[in-house]
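In the working numbering, the protein residues as written are 284 to 716.
A short write-up of the structure that comes next.
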Amino acid sequence: MRRLTLLICLATFAFVLPTLASESNDHWPTWRGPAGTGEAPGSPPTEWSEEKNVAFKVDLPGLGSSTPVIWGDRLFLTVAIDTGKTPDGSPGEQDRAGRAPDNVHDWVVLAYSTEDGSEVWRSKVGAGVPHEGSHMDSTWASNSPVTDGERLYAYFGSTGLFALDLDGKVLWERDFGQMTTRMAFGEGSSPAVYGGTLVIQWDHEGESFIEALDAATGETKWQNARDEATSWSTPIIIEVDGRPQIITNATTNVRGYDLETGHDIWTTTGMTENVIPSPVHKDGMVYVMSGFRGYALQAINVVGAEGDLTGTDKVVWTYDKDTPYVASPLLYNGNLYFFKVITNIFTALDASNGELLYNERLSDLANAYASPVGAGGRVYLIGRKGKSMVLDAGKELEVLATNTLDDRFDASPVVLGDRLYLRGRESLYCIAE
């Protein structure tokens with residue numbers, strides 16, 4: 284039976300990188316937040332419903348499971364809007380997910396006010412029939428955008444990468460060709476940006492590669508071939524030994540690349556098939572995991588790491604139970620938090636040594652594709668069917684609240700100060716007291 288292989292990152296799916304411009308309450312520049320770990324420097328409410336603590340709720344056009352990003356008073360997200368017509372003008376037939384994959388779609392970037400949810404601008408960056416299908420739980424706008432405060436980088440995979448100014452004007456665009464994903468499950472990896480360089484991880488069933496681009500112009504700085512099948516993981520970029528390093532998670536190998544040259548610095552054996560979770564990092568330790576047809580987690584000390592790390596003490600500890608398939612982990616308060624596969628079984632480990640803190644089924648939560656977020660000493664979990672839970676971010680399981688909204692959620696939550704933004708399948712919510 285086919286399983287979901289995208290994330291919103293969404294969930295990603297899918298995601299992005301840690302060391303961007305600011306860690307203030309003014310910005311959420313990547314799908315995993317300013318630190319790239321899911322940690323947020325804010326404290327939103329713990330309780331909400333359709334009638335309680337909803338500052339605004341706005342209808343969204345089209346479909347997308349990409350996680351929004353925020354810079355200042357603007358929230359940016361991407362959608363694929365079904366025009367209702369095939370290229371010859373006739374209506375397309377819908378699939379089981381209620382989509383019309385043979386219809387012409389418009390790929391659109393939108394900006395909303397973070398204060399009241401009003402639409403500030405929308406920019407159509409492409410149009411056409413999706414060249415390939417996607418998993419029935421996914422969309423053709425699953426790659427999350429990223430911003431460095433100067434430009435917004437909206438990535439639609441095979442439809443292209445578009446750099447816009449923060450007022451919606453397209454500055455440049457790139458076409459990388461067409462991905463052939465495993466089982467036509469769709470696309471989901473997001474860009475990473477650091478110090479004027481943008482990085483794309485292009486893993487599929489064809490010729491895979493990683494490419495660094497000039498963020499101002501879109502011109503290629505370097506491109507390296509990768510011996511990888513389809514993955515949906517988003518790379519992160521971190522400073523190691525005084526130099527920026529790209530960390531990629533995939534099936535054949537986990538790798539560290541020099542950002543400036545593209546040279547391999549280190550590798551270690553990879554994960555399971557269909558890698559989706561993005562790496563997380565803190566204080567010289569990188570944590571990578573996956574959970575399709577097996578479980579894998581490695582804690583890697585990347586300080587001074589060179590060459591093949593397999594079987595060395597640079598792989599500080601490993602864990603082989605109940606790791607996530609779709610959602611990325613949360614690294615918060617010295618702990619790693621993650622779902623088992625896509626289920627409501629939730630695990631907390633001590634990040635320093637891999638000690639199990641708890642592994643519990645959260646019966647009030649349905650399956651989850653959205654990644655956990657940590658803020659205000661709490662862990663926020665969003666289920667697919669509108670249920671959410673708020674836990675204490677400690678070493679023991681303590682449920683603080685269970686909440687319900689009338690939507691389906693695949694994108695990961697976003698925190699800005701005392702506000703929580705949730706991108707549903709139909710609506711964008713702002714949760715605030």
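Virtual Cβ for every residue (Gly too), placed ideally from N, Cα, C.
Source: prediction; values computed, not measured.
Contacts around residue i, its chain only, beta-carbon distance under 7 Å, and the 5 residues preceding and following it disregarded
i           : result
residue 363 : 345, 346, 347, 388, 390, 422, 423, 424
residue 644 : 627, 628
residue 719 : The displayed coordinates of the chain run from 284 to 716. Any statement about residue 719 would go beyond what the structure contains.
residue 590 : 549
residue 547 : 538, 540
residue 605 : 578, 623, 628, 630, 642
residue 378 : 384, 419
residue 509 : 486, 491, 492, 493
residue 545 : 495, 505, 507
residue 706 : 350, 351, 360, 694
residue 683 : 329, 661, 673, 674, 675
residue 667 : 649, 650, 651, 652, 691, 692, 693
residue 699 : 308, 311, 325, 353, 397
residue 636 : 600
residue 450 : 404
Within 7 Å, strictly: CB atoms of residue i and residue j
i           : j           : result
residue 427 : residue 311 : no
residue 569 : residue 586 : no
residue 690 : residue 669 : yes
residue 517 : residue 486 : no
residue 654 : residue 610 : yes
residue 694 : residue 350 : yes
residue 417 : residue 469 : yes
residue 472 : residue 515 : yes
residue 563 : residue 532 : no
residue 713 : residue 410 : no
residue 634 : residue 648 : no
residue 592 : residue 599 : no
residue 625 : residue 608 : yes
residue 430 : residue 354 : yes
residue 476 : residue 499 : no
residue 467 : residue 415 : yes
residue 336 : residue 716 : yes
residue 437 : residue 392 : yes
residue 462 : residue 440 : yes
According to DSSP, residues forming a beta bridge with residue i
i           : result
residue 639 : 632
residue 484 : 493
residue 661 : 658, 675
residue 557 : Answer by DSSP bridge pairing: none, since residue 557 is not bridged.
residue 508 : 492
residue 521 : 528
residue 568 : 565, 584
residue 644 : 628
residue 456 : 445
residue 340 : 712
residue 692 : 707
residue 541 : 528
residue 322 : 657
residue 430 : 435
residue 551 : 537
residue 348 : According to DSSP, residue 348 bridges with nothing at all.
Residues near residue i in its chain [Cβ-Cβ closer than 8 Å; skip 5 each side]
i           : result
residue 385 : 369, 375, 376, 412
residue 306 : At residue 306 the pLDDT is 45, less than 50, meaning the model places this residue with poor confidence and gives no usable figure here.
residue 528 : 520, 521, 522, 539, 540, 541, 542, 548, 585
residue 453 : 406, 408, 445, 446, 447
residue 358 : 351, 352, 394, 395, 396, 397, 697, 704, 711
residue 304 : Because residue 304 sits at a pLDDT of 36, beneath the cut-off of 50, its placement in the model cannot be relied upon, and the following sentence gives the value as read from the coordinates. Contacts found: 310, 312, 431, 432.
Same chain, Cβ closer than 6 Å to residue i, five either side skipped, listed in chain order
i           : result
residue 536 : 550, 553
residue 456 : 443, 445
residue 676 : 615, 616, 657, 660, 661, 662
residue 320 : 563, 614
residue 341 : 400, 711
residue 681 : 675
residue 678 : 640
residue 638 : none
residue 380 : 419
residue 685 : 647, 672
Whole beta strand (DSSP E) elements within the stretch 571-631, 3-residue minimum: 579-584, 598-602, 613-615, 618-622
The stretch 476-493 touching the stretch 317-332, judged by at least three CB pairs closer than 8 Å: no
Sufficient close CB pairs (3 or more, under 8 Å) joining the stretch 654-665 to the stretch 610-621: yes
Beta strand (DSSP E) runs contained entirely in the stretch 351-421, provided each spans 3 or more residues: 352-354, 357-365, 388-396, 402-411
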